[in-house]
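K.L.:
Numbering (the numbering used here), first residue to last: 34 to 298.
For glycine and all other residues, C-beta sits at the position ideal for the given N, C-alpha and C.
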Amino acid sequence: MHPTLNIAVKAARRAGQVINRAGLDLSQIKVSVKQQNDFVTEVDRTAEAVIIDTIREAYPEHGILAEESGAAGDSEYQWIIDPLDGTTNFIHGFPQYAVSIAMAHRGVLSHGVVFDPSRNELFTASKGAGAYLNEKRIRVSRRAKLEESLIGTGFPYRAFEHVDAYLAILKDMMRKSAGVRRPGSAALDLAYVASGRLDGFWEFGLSPWDMAAGTLLITEAGGLAGDLSGESAHMTTGNIIAGSPKIFSQLLQAIAPHLTPTLRA
Ligand code: 2AM
Ligand code: CA
Ligand code: CA
Ligand code: CA
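#1: Going by DSSP in three states, MET136 sits in which element: helix, strand or coil?
#2: Within the continuous alpha helix (DSSP H) that includes ASP115, where are the two ends?
#3: Quick check: is any heavy atom of ligand 2 less than 8 Å from the C-beta of ASP71?
#4: Count the other C-beta atoms from every protein chain shown that fall within 10 angstroms of the C-beta of PHE188, then say buried if there are 16 or more, exposed otherwise.
#5: Could you tell me which of VAL42, LEU223, LEU200, GLY103 sits nearest to ILE134, measuring between CA atoms?
#6: Flag SER102 as yes when its Cβ comes closer than 8 Å to any non-hydrogen atom of ligand 3, and as no otherwise.
#7: Which residue's Cα is closest to the Cα of GLY271: MET136, VAL226, ALA211, ARG191?
#8: At which residue ranges does the stretch 182 to 214 contain complete beta strand (DSSP E) runs of 3 or more residues, listed in the order of the chain?
#9: Using a Cβ-Cβ cut-off of 6 Å (strictly less than) and excluding sequence neighbours within five positions of ASP260, which residues of its own chain qualify?
#10: Suppose you measure from the CA of THR186 to the CA of ALA82; what does that come to, to the nearest Å?
#11: I'd like the span of the alpha helix (DSSP H) that includes ALA41, first residue to last.
#12: Less than 6 Å between C-beta atoms, sequence neighbours within five positions excluded: which residues of the same chain meet that for LEU231?
#13: Specify the secondary structure class of GLN68 as computed by DSSP and reduced to three states.
#14: Please report the residue range of the alpha helix (DSSP H) in which GLU81 lies.
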């Protein structure tokens with residue numbers, strides 16, 4: 034394993050310990066509201082601190098972009114961190130949440146980890162070296178038809194101006210796919226696309242830390258992740274489509290008729 038990926042894994046496992054320990058007694062967790070529908074807990078902050086400490090110890094000069102503490106450091110190496118993706122699930126004891134850590138060099142994703150602490154599932158990828166679940170190599174699904182595909186998504190919870198377009202797409206997807214799932218942790222959903230548990234995924238209004246590690250997992254597993262025009266600007270636009278190459282293009286096609294000018298941009 035590349036030494037940098039190793040640091041990412043160490044950080045993710047430490048954060049996972051924080052999350053698992055706190056998960057033993059959910060009644061003790063104090064929840065604060067950042068804005069409507071956006072919750073944060075001490076667990077998010079402690080997990081993030083543990084990750085940043087681990088990275089800083091190994092790479093004091095690297096830059097960091099993390100959900101709860103923002104951006105710091107100007108470097109050609111940038112870490113992109115979501116300490117707990119799926120906080121709403123975590124608060125409710127709904128076991129679908131993950132730690133997401135990625136490292137980019139000059140804007141190119143080099144290493145990524147998505148760790149599901151409730152199942153002890155560790156998804157890892159390094160550029161050019163493939164994607165893994167625990168020790169096993171993973172690939173995106175081989176399903177070729179949307180009608181046989183299980184598609185993951187996330188509801189808009191903030192960008193409410195996109196709700197109508199979103200619902201029109203959802204309605205189409207209900208008919209055109211084998212099923213739609215809304216698990217609630219975008220980072221973990223992308224890891225599931227990389228490992229073939231989901232055949233495709235779409236969501237609007239995400240942040241870079243939700244998608245960075247998952248994007249590398251998918252491309253290293255032979256899949257595609259992109260924005261709503263099929264280009265690779267999803268980390269900037271926040272709108273993502275992902276899947277095996279075949280399902281990716283069918284998702285693009287299915288979504289295209291419903292795009293509003295703002296979504297198309
Ligand atoms: P978070 O738990 O790190 O905030 C789910 O679609 C994605 O949106 C997750 O990555 C989740 O990340 C984020 N999100 C934030 N608030 C949410 C909410 N109230 N409902 C659903 N997702 C939310
Ligand atoms: Ca959050
Ligand atoms: Ca998140
Ligand atoms: Ca988070």
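P.N.:
Judging by the given coordinates:
#1: Numbered from 1 along the sequence shown, position 103 holds the residue referred to as residue 136. MET136: strand per DSSP, three-state reduction.
#2: Position 82 of the sequence shown, counted from the start, is the residue given in the question as residue 115. For ASP115, no alpha helix (DSSP H) encloses it; the enclosing beta strand (DSSP E) starts and ends at 110 to 118.
#3: Here residue 71 refers to the residue found at position 38 when the sequence shown is read from its first residue. Indeed, a heavy atom of ligand 2 lies less than 8 Å from the Cβ.
#4: To locate residue 188, count along the sequence shown from 1; it is residue 155. Answer is exposed; the Cβ neighbour count stays below 16.
#5: Translated into the one-based positions of the sequence shown, residue 134 becomes position 101. Nearest of VAL42, LEU223, LEU200, GLY103 to ILE134, Cα basis: VAL42.
#6: Walking along the sequence shown from the start, residue 102 turns up at place 69. No - ligand 3 has no heavy atom lying nearer than 8 Å to the Cβ of SER102.
#7: As a working mapping, residue 271 is identified with position 238 in the sequence shown. Measuring from the Cα of GLY271, the nearest candidate turns out to be ARG191.
#8: 183 to 186, 212 to 214
#9: Position 227 of the sequence shown holds residue 260. These residues qualify, in order along the chain: ALA266, HIS267, THR270, ASN272.
#10: Within the sequence shown, numbered from 1, the residue matching residue 186 stands at position 153. Within the sequence shown, numbered from 1, the residue matching residue 82 stands at position 49. In a straight line, the C-alpha of THR186 is about 29 Å away from that of ALA82.
#11: Translated into the one-based positions of the sequence shown, residue 41 becomes position 8. Residues 36 to 56.
#12: Numbered from 1 along the sequence shown, position 198 holds the residue referred to as residue 231. The answer, listed in chain order, is LEU183, GLY185, TYR225.
#13: Here residue 68 refers to the residue found at position 35 of the sequence shown. In this structure, GLN68 counts as strand in the three-state DSSP scheme.
#14: Sequence index remark: in the sequence shown, residue 81 carries index 48 (1-based). Unbroken alpha helix (DSSP H) run through GLU81: 75 to 91.
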